[in-house]
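Visitor: Under the working numbering, think of the first position of the sequence shown as 2, with each following residue one higher.
For glycine and all other residues, C-beta sits at the position ideal for the given N, C-alpha and C.
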Amino acid sequence: MPITGFANAMIAPAMDYKTEGLILGVGAKMFTVAGPVIVFGTLSSCIYGILLFIVKAVSIK
Numbered sequence: 002m003p004i005t006g007f008a009n010a011m012i013a014p015a016m017d018y019k020t021e022g023l024i025l026g027v028g029a030k031m032f033t034v035a036g037p038v039i040v041f042g043t044l045s046s047c048i049y050g051i052l053l054f055i056v057k058a059v060s061i062k
């Protein structure tokens with residue numbers, strides 16, 4: 002997905018709920034579509050980093 006599509010997927014739901022306020026409207030709806038992408042991307046990179054650290058620590062002996 003290009004960055005423009007990703008940005009649009011985050012902003013479109015937030016703009017729809019702008020009248021409900023910054024916290025309950027924009028803040029709550031901004032990550033409805035892009036939230037799982039950000040969470041699973043961050044989680045998978047952390048898991049990959051931990052596995053890489055373990056593999057390098059074991060192979061150094």
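Tell me whether F54 sits in a helix, a strand or coil according to DSSP, three-state version.
Guide: Taking the sequence shown and counting its residues from 1, one reaches residue 54 at position 53. If DSSP states are grouped into helix, strand and coil, F54 belongs with the helices.
Visitor: Under 7 Å Cβ to Cβ from S45, same chain only, skipping five residues before and after it: list those, please.
Guide: The residue you call residue 45 lines up with position 44 of the sequence shown. Answer for S45: no residue qualifies.
Visitor: If we ignore side chains and look at the alpha-carbon of each, how far apart do L23 and K30 end up?
Guide: Start at 1 with the first residue of the sequence shown, and residue 23 comes out as number 22. Start at 1 with the first residue of the sequence shown, and residue 30 comes out as number 29. Taking the straight line from one Cα to the other gives about 10 Å.
Visitor: Look at the alpha carbon of I51 and the alpha carbon of G36, and state the distance between them as a whole number of angstroms.
Guide: As a first step, residue 51 must be located in the sequence shown, where it is residue number 50. As a first step, residue 36 must be located in the sequence shown, where it is residue number 35. Answer to the nearest angstrom: the Cα atoms are 23 Å apart.
Visitor: Rounding to the nearest angstrom, what Cα-Cα distance links N9 and T33 in this structure?
Guide: As a working note, residue 9 is residue 8 in the sequence shown. As a working note, residue 33 is residue 32 in the sequence shown. If you take the alpha carbons of N9 and T33, they lie about 12 Å apart.
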